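Line by line, the protein sequences are chains L and A.
Take 15 as the starting number for the first sequence in our numbering and just add one per residue.
Take 15 as the starting number for the second sequence in our numbering and just add one per residue.
Each remark here refers to the structure printed beneath this line.
There are 2 protein chains.
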Amino acid sequence: MLRLSTKGQYGVRAMFEIARGISRGPTTIKEISERQDVSVAYLEQILNTLRKAGLISSVRGPGGGYVLSRSPEKISIGAILRELEGPVAITSCLDPREGCLRVDGCVTHLLWKALGENIESFLDDMTLKDLLEGNDLMATQRRGRRQPEKIRMLHKS
Amino acid sequence: MLRLSTKGQYGVRAMFEIARGISRGPTTIKEISERQDVSVAYLEQILNTLRKAGLISSVRGPGGGYVLSRSPEKISIGAILRELEGPVAITSCLDPREGCLRVDGCVTHLLWKALGENIESFLDDMTLKDLLEGNDLMATQRRGRRQPEKIRMLHKS
DNA sequence: TAATAGCCGAGTAATTCTGTCAAGTATTAG
DNA sequence: CTAATACTTGACAGAATTACTCGGCTATTA
């Protein structure tokens, strides 16, 4: 229940790769493809959407690739997913692009709305920076470093 | 993004109708169909699943219908949805019925897991009783009654 | 000017969703 | 006992969505 499409998942993983490569300059589709095991053709489609949305920008020609349009802590997971999969909308009723006929007097409507807001605030609060820190942590956790705030939650299990 | 299937939605609405009809005895599929505007044939499928799961029980023959197997506050929305749509699993990786190859060292895995747990606790905490109270509230809210706890959240907008 | 790298639109196979349909079985009122 | 009521079950099918692929193009730079 409530599954995310591969497009959204791959999109987040691609953005993570671009963020991770910041110091090395633009990251190519080919690199992302190899590191995240997603086809080049599919990534083209995904990254194109994200570029048009202004989350990343591209550099063409040799030495080119993709770079983040702003710093990792300013790019939320929610922002990425919204571009690739549309707004959080548990039911079609709650999709601003569709609309609902029987809103009034519908308890379940309120229920789904509250759930949607819950999810959205989770996703909007989590950023690429958090993913980067979570990744650092996983790589070094045996050495007992200080754990970044939000990532601790990600590690309770 | 993250849409619930109609099966799950109708299932919750059907359970709400059965809960609402408690004082009148068994609720028939036909009644649910009329009140919630869902076809009888589709409801048969849905209610059958819920019956096999032990959430409702059926009474056959004239005067029959469906009744809750336990009291409304003991039936969570999460329990209903899990029967109709399987466990919360943002990605196939997190579906216990499937499994994941690349769990280790995958930050996004932790992210989706945390989101899933968040959603699940929301759904497991919300029960049919809350829906009933929310409904009462909507019917009488102009008269300034005391608002049940959880429903207040459902009314912040 | 050739190689690199992104840009773009169309198309398609597979899967999932959203139901319908037909033919039962159990129960009870009369 | 029988007719009407209601739930039970399995199969199936059309529509929509997903998850991609493919072919050809444009921009940049070494």
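Beta carbons are placed, not taken as given, at the ideal position from N, Cα and C, and that holds for glycine.
A quick note: this is a predicted structure, and the numbers were derived from the prediction, not measured.
Assigned exposure category for residue i - 16 Cβ within 10 Å defines buried
i: K44(L); result: exposed
i: G39(L); result: exposed
i: R159(A); result: At R159(A), the pLDDT of 48 sits below 50, so the modelled position is not reliable; the number obtained from the coordinates is stated separately. Result: exposed.
Where the alpha helix (DSSP H) through residue i begins and ends
i: L18(L); result: Segment: none, L18(L) is in no alpha helix (DSSP H) and carries neither H nor E.
i: V121(A); result: V121 to D139
i: V54(L); result: V54 to K66
i: K88(A); result: Taken as a continuous stretch (DSSP letters only), K88(A) belongs to no alpha helix (DSSP H), as it is neither H nor E.
i: I43(L); result: I43 to Q50
Member of the options whose CA lies at the smallest distance from the CA of residue i
i: K88(L); options: D144(L), M15(L), G77(L) and M152(L); result: D144(L)
i: I60(A); options: Q23(A), I36(A), I91(A) and S90(A); result: Q23(A)
i: M152(L); options: C120(A), T141(A), M140(A) and L137(A); result: C120(A)
i: V102(A); options: T20(A), E134(A), A55(A) and S19(A); result: E134(A)
i: T141(A); options: E48(A), T20(A), S37(A) and A33(A); result: A33(A)
i: A128(L); options: K21(A), T20(A) and D139(A); result: D139(A)
Separation of residue j from residue i, as counted between CA atoms
i: R84(L); j: L125(A); result: 21 Å
i: C107(L); j: T122(L); result: 11 Å
i: N149(A); j: N62(A); result: 26 Å
i: G130(A); j: T105(A); result: 9 Å
i: T42(A); j: S53(A); result: 13 Å
i: N132(L); j: G79(L); result: 35 Å
i: Q50(L); j: R17(L); result: 20 Å
i: V81(L); j: G113(A); result: 33 Å
i: L8(A); j: P110(A); result: There is simply no residue 8(A) to check, as chain A begins at 15 and stops at 171 in what is shown.
i: L146(A); j: R27(L); result: 42 Å
i: G75(L); j: G25(L); result: 23 Å
i: F136(A); j: I91(A); result: 9 Å
i: S71(L); j: A55(A); result: 51 Å
i: S47(A); j: I36(A); result: 17 Å
i: K31(L); j: A93(A); result: The residue asked about is misnamed: residue 31(L) is Glu in this sequence, not Lys. If I take the Cα positions, the gap works out to 37 Å.
i: G77(L); j: S19(L); result: 31 Å
i: K21(L); j: P86(L); result: 20 Å
i: V73(A); j: M15(L); result: 30 Å
i: E29(A); j: M29(L); result: The sequence shown places Met at residue 29(A), rather than the Glu named in the question. Looking at the two C-alpha atoms, the distance is approximately 41 Å.
Segment limits, beta strand (DSSP E) that includes residue i
i: L82(A); result: G79 to L82
i: I70(A); result: I70 to V73
Distance cut-off 7 Å: residue i Cβ against heavy atoms of the ligand HEM
i: A128(L); result: The model on display carries no ligand, and the ligand HEM is accordingly not part of it.
Meets three-Cβ-pair contact criterion under 8 Å: the stretch 56–72 of chain A and the stretch 89–108 of chain A: yes
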